[in-house]
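J.: Residue numbers in the sequence shown follow the working numbering, run continuously in steps of one, and reach 160 at the last position.
Ideal Cβ placement from N, Cα and C applies to all residues, glycine included.
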Amino acid sequence: MQMAVSEIQYPFAVAHGGHDEAVKIEGTEMLMRSSKTPKEHKEQRTFKDAYHDLLGDPDRNEVVTYLFEWAEMRLKNKDELRAVKVLGSKAELKIQEKM
């Protein structure tokens, strides 16, 4: 897993529950530390009182708002639009600015 993480170089955001016992926070921290994505293009937010199922959690509205706002900010900045490769598959999505 660490080899694949070190190859990530695309913008991403991670939402993590502070009480998540299924995925330890150390994994998220390793992702943030080890990816090739520049610091200004990756973001992590820990939702202190949340557990693993963030979309089923009482804080779900806050989580969804965070993720949508992060994505919206990236889409507004057209300089950041680039091809996205899905790790572990042959799928590739190319996002291109239309003039």
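1) Can you tell me whether DSSP reads Lys137 as helix, strand or coil?
2) Just the Cα atoms here: how many angstroms apart are Asp118 and Val84?
3) Can you give me the C-alpha to C-alpha distance between Glu101 and Asp114, rounded to a whole angstrom?
4) Measure from the alpha carbon of His80 to the alpha carbon of each residue in Lys109, Ile69, Asp120 and Val66, then state which is nearest.
5) Taking Thr98 as part of the alpha helix (DSSP H), name the residues at either end of that continuous run.
6) With H, G and I counted as helix, E and B as strand and the rest as coil, what does DSSP make of Val75?
7) Whole angstroms are fine: how far does the CA of Ser96 sit from the CA of Glu133?
T.: Taking the structure as given:
1) As a first step, residue 137 is located in the sequence shown; it is residue number 76 there, counting from the start. DSSP places Lys137 in helix when its eight states are reduced to three.
2) As a first step, residue 118 must be located in the sequence shown, where it is residue number 57. As a first step, residue 84 must be located in the sequence shown, where it is residue number 23. Going by the C-alpha atoms only, they are around 15 Å apart.
3) Position 40 of the sequence shown, counted from the start, is the residue given in the question as residue 101. Position 53 of the sequence shown, counted from the start, is the residue given in the question as residue 114. Their backbone Cα atoms lie some 27 Å apart in a straight line.
4) Locating residue 80 in the sequence shown gives position 19, counting from the first residue. If we check each option's Cα against that of His80, Lys109 comes out closest.
5) The residue you call residue 98 lines up with position 37 of the sequence shown. Careful: Thr98 lies outside any alpha helix (DSSP H) and carries neither H nor E.
6) Reading the sequence shown from its first residue, position 14 is the one you call residue 75. Strand.
7) In the sequence shown, counting from the first residue as 1, residue 133 sits at position 72. In the sequence shown, counting from the first residue as 1, residue 96 sits at position 35. One C-alpha to the other measures close to 22 Å.
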